[in-house]
Structure formats: C-alpha cells, structure tokens
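A.B. asks: Take 720 as the starting number for the sequence shown in the working numbering and just add one per residue.
Just passing along the structure, written as structure tokens.
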Amino acid sequence: MEVKLKDTERIDDLQLKGLKIIQDKNGFCFGIDAVLLANFAKVKKRAKVVDLGTGTGIIPVLIAGKSEAEKIVGVEIQEEVWAMANRTVKLNDLQDRVEIVKGDIKTIDKQLEVHGYHVATSNPPYMHMNGIQNPNDKKAISRHEVLCNLEDVIRAASRLVMPRGKFFMIHRPIRLVDIVTLGRKYNLEPKVIQFVHPRANKAPNLVLVEFTKDGRPELKILDPLYVYDENGNYTKEIEEIYANENIGE
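Printed below as a string of structure tokens:
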C-alpha cells in the first residue's frame, strides 16, 4: 500500500519478508538495541504482544515478520510519531496483525486489556531528565525519561501481561538494580539476563532482561554478547542476529 511521506522522511527496507519502515531523519531512528530486543523476545504462535513506547513501530514490525504472533499492539504517546508508525503498518499491509495505539504508558491499562497479553516488550528511554533543554523535542522524549520513567514502564508491563506471561526489555546496565527491584515490586521476576558489550575489552553498555509474571526466583545469566571484534567489524553473533532478522544495513 502506498503512503505519503513528509519531506524529512524516508522508507528503509528491512529485507525481512518485504517489510519496510518509515523513519524521520530529524527524529529518533531505530538502532541495534531494537534489533537485539526483537531477537531476544520469545514469541510463540498465536501470541498477543504489546510493545510499550513503540516509537517508529520497529519492534512490532520485526516481531510480525519473525513470528506467528496473532496480534501485536504498539503503544506510543507522541502524536506525530504515532501517525508515522501507523503509516508504516499500512505500508506493510499489517493492519490485521499490528495496531499502533496512541496512549500514555502510565494509564495504558485503562485502554488495553489488563492481563490480556502473553508478551510485553519495551526499549524505553534510558536517560534521566537531567540536562534536558527542550522536553518537547522528539529525540529527547525517545532518549530521556520525559513522559515516563522506568517504574512506569515496568508497572504497565505487569498490568498488561497475563500470569506466567513474559516481559522483555533492553536498558542500561547502570540501572540493573532498579530494574530488578522494580520488577519484583510489580511481580515480574527476572529470569534471564544478557549483557551486551561494545567489544571484548569494554564494559557492557546494554543489558537484556527477561521477566516472568509471578515467576519463581531463579536467574540465568547468558554468555555476554559482543557487538564488534578487534577489527571493528560485527562479531559472528551479531551477524547471525542480523541474518535472523534479515535487516539491511
């Protein structure tokens, strides 16, 4: 289906079952963290999925392409970004499986079915509000906790996933204590953690976490994931993830 683009927008080919995504070069474009999260999330056949803070809709689109999920709902509060993500859904003729809802994560349980989803995902803003010059800037909202914070995201995930449901999130390792503490506060038990390092001799700068709603305490730490090798090229593991998603660079 053809859609109209604004002057600052472009269509990127994901090279995954013909799927494409609309992005604004002046806005926040998706990065490797979204790809890692979509690969990390375990989505079973006929699952209902909700993505909190969906932005351009990249995670719902990737999950639609790589899984047999029955329904994937993306939640986005910014009007302009929500509209762009909706155009991406129409561009890919995914209206029967993917829905982008305009809503506030802090009150989304009043719009969506409580405990109605098998899986929740989120690639939330990583940074605190400190130093924000323009809190209305789209990039600032995507990167900083302007409109929601970590607790808002975890609380929403807990409200929306069903008992024994899964919540998958990517964040910064410096927030790991907060992530685990807040998860348990809202009955989301951390079950799997994987640290992502820029390269082998560098500290991790991302962490992937899998929670189970009402799960038993038992945590598995996966082998670390290194993004670049000593020559500055993607490692074999990252190349395999991109191959699995079939995302073009």
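Beta carbons are placed, not taken as given, at the ideal position from N, Cα and C, and that holds for glycine.
Here the structure is a predicted model, which is why all the values come from computation and not from measurement.
Which residue comes first and which comes last in the beta strand (DSSP E) that contains Ile931?
C.D. replies: Note on identity: in this sequence residue 931 is Thr, with Ile being the wrong assignment. Where Thr931 is concerned, the enclosing beta strand (DSSP E) stretches over 925 to 932.
A.B. asks: By Cβ distance below 8 Å, which residues in the same chain neighbour Ala814 in space, the five residues on each side in sequence not counted?
C.D. replies: The amino acid at residue 814 is misidentified as Ala; the sequence shows Gln. Here the set comprises Val808.
A.B. asks: Beta-carbon within less than 7 Å of Tyr836's beta-carbon, same chain only, minus the 5 sequence neighbours each way: which residues are those?
C.D. replies: Lys767, Val768, Val769, Leu879, Val880, Met881, Gly884
A.B. asks: Determine the burial state of Val896: buried for a count of at least 16 other Cβ atoms within 10 Å of its Cβ, exposed for fewer.
C.D. replies: exposed
A.B. asks: Which of the three DSSP states is assigned to Asp828 in this structure?
C.D. replies: helix
A.B. asks: Specify whether the stretch 903 to 918 and the stretch 929 to 939 touch according to this definition: at least 3 beta carbon pairs, one from each stretch, less than 8 Å apart.
C.D. replies: yes
A.B. asks: Just to confirm, is the Cβ distance from Glu818 to Val792 under 8 Å?
C.D. replies: yes
A.B. asks: To the nearest angstrom, how far is the alpha carbon of Asn853 from that of Glu721?
C.D. replies: Per-residue confidence for Asn853 stands at a pLDDT of 47, beneath the threshold of 50, marking its modelled position as unreliable; the derived number appears in the next sentence. Near 34 Å, if we compare the C-alpha coordinates of Glu721 and Asn853.
A.B. asks: How about the stretch 752 to 768 and the stretch 797 to 806: do they share at least three Cβ pairs that are nearer than 8 Å?
C.D. replies: no
A.B. asks: Could you name the residues of the same chain whose beta carbon sits closer than 6 Å to that of Val911, not counting the 5 residues immediately before and after it, in chain order?
C.D. replies: Its chain contains Glu929, Lys939 as the residues whose beta carbon lies nearer than 6 Å to that of Val911, once the 5 sequence neighbours on both sides are disregarded; these appear in chain order.
A.B. asks: In angstroms with no decimal places, state the Cα-to-Cα distance between Met888 and Asp732.
C.D. replies: 25 Å
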